[in-house]
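Colleague: Those protein sequences? They're chains A and B, same order as listed. Counting in the working numbering, the first sequence runs from 674 upward without gaps. Counting in the working numbering, the second sequence runs from 15 upward without gaps. For each residue, glycine too, the CB sits at the ideal point set by N, CA and C. Attaching a single structure in structure tokens format; questions to follow.
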Amino acid sequence: MSASLSRRSLLAGASASLIAAPAVAQGTAHIVVIGGGFGGSSVARSLKQLAPNIRVTMVEPNRVFTACPFSNEVIAGLRDLPAQQFTYDGVARSGVEIDFTHASAIDAAAKRVTLADGTVLTYDRLVLSPGIDIRWGALRGYDEAASARMPHAWKAGEQTMLLRRQLEAMEDGGLVVMSAPDNPFRCPPGPYERASLIAWYLKTKKPKSKLILLDAKDNFSKQRLFQQAWSQLFPNLEWIGLSKGGKVSSVDANTLSVTTDFETYKAQVVNIIPPQRAGLIAEAAGVSDRSGWCPIDPVTFESRLQPNIHVIGDAAVAGAMPKSAFAANAQAKVCAAAIVALLHNRTPQEPRLINTCYSIVMPDYGISVAGVYKPGKGLLMDIEGAGGTSPLQAPDSTRKMEADLALGWYNTITREVFG
Amino acid sequence: MARALINVPAKAAKGEIIEIKTLISHPMETGFRVTFNGTLIPRDIINTFRVTYNGVEIFAAELSSAMAANPFITFTTLATESGTLEFHWAGDNGFSVTETATLVVE
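Structural data, given as structure tokens:
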């Protein structure tokens, strides 16, 4: 990437306003944030940082946040769940009021949010960062009950541990079947990182076992890097893409079988990564479209469907930007700066955003893809020539360094957002 | 490089309507795309798909440039007698693939 340009622009997009922004004169503005993940917690804290006089209320049902990045390592037994968990003490300390409950209704016209306990919050602007929900029933046979036997583990927590326990309990020689959905979905390289780490776990602990990854796509993130690693390291992993009949058409949780148009696989452990949509509150707010995701303005992240409601993170249609914690955090900063500008009747600056997705293939083996994005054609577009992926040919030391960088990134972002 | 997948039920009752699914790996290059240099990428598509059941044609399709890569075609037919289904794809550049499947009708 061109360091001078992107660095300058990034600063302009996010933190420069931090220095420049005067406090809101009357201090009466109230911003409500729904969702306390990487996006929601980041936007709430950024708003308080940029304009301490603004009142910020965050609505989040869980008292402990469980992070998805690095949860694939938990599944493979390389890490424990507490390393993924954070309280909201840090967010509260920065002056954000937190309501630990669900938001049950949103009245966009009246600018009102009703909480599960009946409390009504009125807002000047609302930020939704609801993450994803599973489209139950979109894959025949895969409903909430089925996920207790065939975990998705695509929201970190109990599901993550369930999949880990199933792998640990499986006898050597058992077949593991995973399925990856069609685009778009949370964490594009995630299924392939998970497949790598499960293959590594099987290779080291259950060498007679095999993993089949059924995929509704022929192309995926960091494909050449993953496939190169698989061919060198994991003969026990078979990837079957769309054109080889990899699209799953139905599952049966009772018999642990997974059916494509051409074959039925009977497995000992099944991990279904199902089709997804924006978190359900997005539909209640009227900000999601028929795709199930939320179209936004790429400068302010304001919804294209409802005024005064902004959507960030996995729920948003962010063009070329992937659904990742890194992206949610970057979008949160841009969105916070835009909201402060709008409250002051200033024109929000056109942002530059950055994203990096690290993936761990096995211990001491990391790969990454980075991109830089700018508004264009009503979406966020990839800036060509900026960013890049890890080299295809690289010594072990490079892979080790990237694994270290991945952990460094995780420690940094979780400290920034929750610390 | 072509690889065809076929799903025909192994057994069916006489008079039963059975679903048959096929998927073949093929780029289906439209003939309308150009390279960086502006030269046209020649068309390379499957033109026809024919299925016979004990020698009698039961399904045929003409494919065109508008069809996506790796055509997935599914259709139904009536199970009348035990025998062989033959699937034939033919296309540009001499492309020709034939696969068979056996059906037992009880």
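Kindly indicate which three-state DSSP category B:Phe73 falls into: helix, strand or coil?
Modeller: Residue 73 of chain B sits at position 59 when you count from the first residue of the second sequence. Looking at B:Phe73 - three-state DSSP - the assignment turns out to be strand.
Colleague: Have a look at A:Asp1077 and A:Asp1037 and give me their C-alpha separation to the nearest angstrom.
Modeller: Taking the first sequence and counting its residues from 1, one reaches residue 1077 of chain A at position 404. Taking the first sequence and counting its residues from 1, one reaches residue 1037 of chain A at position 364. Roughly 7 Å between the two C-alpha positions.
Colleague: Helix, strand or coil: how does DSSP classify A:Pro755 here?
Modeller: Looking up residue 755 of chain A in the first sequence gives position 82. A:Pro755 falls in the helix class under three-state DSSP.
Colleague: Taking Cβ-Cβ distances below 8 Å as the criterion, which residues of the region 23 to 40 of chain B are in contact with chain A?
Modeller: Within the region 23 to 40 of chain B, the residues whose Cβ lies closer than 8 Å to any Cβ of chain A are, in chain order, Lys35, Leu37, Ser39.
Colleague: Identify the contact partners of B:Leu117 in chain A, using a Cβ-Cβ distance below 9 Å as the criterion.
Modeller: Here residue 117 of chain B refers to the residue found at position 103 of the second sequence. At a beta-carbon threshold of 9 Å, none of the residues of chain A lie near B:Leu117; the nearest stands roughly 16 Å away.
Colleague: Tell me the rounded alpha-carbon separation between A:Asn745 and A:Leu870.
Modeller: On the first sequence, residue 745 of chain A is found 72 positions in, with the first residue counted as 1. On the first sequence, residue 870 of chain A is found 197 positions in, with the first residue counted as 1. Taking the straight line joining both Cα atoms gives about 7 Å.
Colleague: Mapping the DSSP letters down to three states, classify A:Pro1048 as helix, strand or coil.
Modeller: Against the first sequence, residue 1048 of chain A aligns to sequence position 375. Strand at A:Pro1048.
Colleague: Could you check which residue in A:Gln1022, A:Arg1025, A:Ala1043, A:Glu1023 has the C-alpha nearest to that of A:Ser1032?
Modeller: Sequence index remark: in the first sequence, residue 1032 of chain A carries index 359 (1-based). Looking at the Cα atoms, A:Ala1043 is the closest of the given residues.
Colleague: Looking at A:Gly863: is its Cβ nearer than 9 Å to the Cβ of A:Cys967?
Modeller: Looking up residue 863 of chain A in the first sequence gives position 190. Looking up residue 967 of chain A in the first sequence gives position 294. Their beta carbons are not under 9 Å apart, which means A:Gly863 does not touch A:Cys967 by this criterion.
Colleague: So with Cβ pairs under 9 Å, would you call A:Phe935 a contact of chain B?
Modeller: As a working note, residue 935 of chain A is residue 262 in the first sequence. Output row for A:Phe935: interface = yes.
Colleague: Show which residues of chain A have a CB atom less than 8 Å away from the CB atom of B:Asn107.
Modeller: Reading the second sequence from its first residue, position 93 is the one you call residue 107 of chain B. Result: empty, since nearest Cβ-Cβ is about 19 Å, beyond 8 Å.
Colleague: With A:Trp903 as the anchor, note down where its alpha helix (DSSP H) starts and where it stops.
Modeller: Residue mapping note: residue 903 of chain A aligns to position 230 of the first sequence, counting from 1. Start and end: 896 to 906.
Colleague: Between which residues of its own chain and A:Trp827 is the CB-CB distance below 6 Å, once the five residues before and five after are set aside?
Modeller: Taking the first residue of the first sequence as 1, we reach residue 827 of chain A at position 154. So the list reads Ile946, once near-sequence residues are dropped.
Colleague: Report the residue from B:Gly108, B:Phe109, B:Trp103, B:Leu92 whose alpha carbon sits nearest the alpha carbon of B:Val184.
Modeller: Nothing can be reported for residue 184 of chain B, as the shown portion of chain B is limited to 15 through 120.
Colleague: Return the Cβ separation of B:Ala18 and B:Glu113 in integer angstroms, given the expectation that the two are a contact with Cβ distance under 8 Å.
Modeller: Within the second sequence, the letter at position 4 stands for residue 18 of chain B. Within the second sequence, the letter at position 99 stands for residue 113 of chain B. With a Cβ gap of about 5 Å, B:Ala18 and B:Glu113 count as contacting.
Colleague: When you compare only the Cα positions, how much space is there between A:Leu915 and A:Val764?
Modeller: For the purposes of this step, residue 915 of chain A is identified with residue 242 of the first sequence, where counting begins at 1. For the purposes of this step, residue 764 of chain A is identified with residue 91 of the first sequence, where counting begins at 1. Going by the C-alpha atoms only, they are around 43 Å apart.
Colleague: Just curious, the beta strand (DSSP E) that B:Met42 is in, first and last residue?
Modeller: Along the second sequence, read from residue 1 onward, the residue named residue 42 of chain B stands at position 28. From DSSP, B:Met42 is part of no beta strand (DSSP E); its letter is neither H nor E.
Colleague: Quickly, what does DSSP pair B:Gly108 with across the bridge? List them, please.
Modeller: In the second sequence, counting from the first residue as 1, residue 108 of chain B sits at position 94. Answer is none; B:Gly108 lacks a bridge partner.
Colleague: Suppose you measure from the CA of A:Ala785 to the CA of A:Asn981; what does that come to, to the nearest Å?
Modeller: In the first sequence, the residue the question calls residue 785 of chain A occupies position 112. In the first sequence, the residue the question calls residue 981 of chain A occupies position 308. Note on identity: in this sequence residue 785 of chain A is Arg, with Ala being the wrong assignment. Taking the straight line joining both Cα atoms gives about 11 Å.
Colleague: Using C-beta distances below 7 Å, list every residue in its chain close to A:Met994, excluding the 5 sequence neighbours before and after it, in chain order.
Modeller: Position 321 of the first sequence, counted from the first residue, corresponds to residue 994 of chain A. Contacts found: Ala1000, Leu1026, Asn1028, Tyr1046, Leu1053.
Colleague: Between the Cα of A:Asn1084 and those of A:Asn1018, A:Val800, A:His775, A:Ala998, spot the shortest distance and give me the residue it belongs to.
Modeller: Sequence index remark: in the first sequence, residue 1084 of chain A carries index 411 (1-based). Checking every option, the nearest Cα to that of A:Asn1084 belongs to A:Ala998.
Colleague: Consider the Cβ of B:Thr91: report whether some Cβ of chain A lies at a distance smaller than 9 Å.
Modeller: Here the question's residue 91 of chain B lines up with position 77 in the second sequence. For B:Thr91, the answer is no, since every Cβ of chain A falls outside 9 Å of its Cβ.
Colleague: Taking the alpha carbon of A:Asp762 as the point to measure from, which residue in A:Ile779, A:Gln905, A:Glu770 has its own alpha carbon closest?
Modeller: As a position in the first sequence, residue 762 of chain A is number 89, starting the count at 1. Of the candidates A:Ile779, A:Gln905, A:Glu770, the one whose C-alpha sits nearest the C-alpha of A:Asp762 is A:Glu770.
Colleague: Chain B partners of A:Ser916, CB-CB under 8 Å?
Modeller: Translated into the one-based positions of the first sequence, residue 916 of chain A becomes position 243. By Cβ distance, chain B contributes Leu37, Ser39, Ala83, Asn84.
Colleague: Where does A:Arg838 sit, in a helix, a strand or coil, going by DSSP?
Modeller: Position 165 of the first sequence, counted from the first residue, corresponds to residue 838 of chain A. Correct three-state label for A:Arg838: helix.
Colleague: Are the CB atoms of A:Lys1006 and A:Ser802 within a distance shorter than 9 Å?
Modeller: Along the first sequence, read from residue 1 onward, the residue named residue 802 of chain A stands at position 129. Along the first sequence, read from residue 1 onward, the residue named residue 1006 of chain A stands at position 333. Going by C-beta atoms, A:Ser802 is not nearer than 9 Å to A:Lys1006.
Colleague: Below 8 Å, how does it come out for the region 829 to 843 of chain A and the region 708 to 724 of chain A: are there three or more Cβ pairs, yes or no?
Modeller: With fewer than three CB-CB distances shorter than 8 Å, the region 829 to 843 of chain A does not count as touching the region 708 to 724 of chain A.
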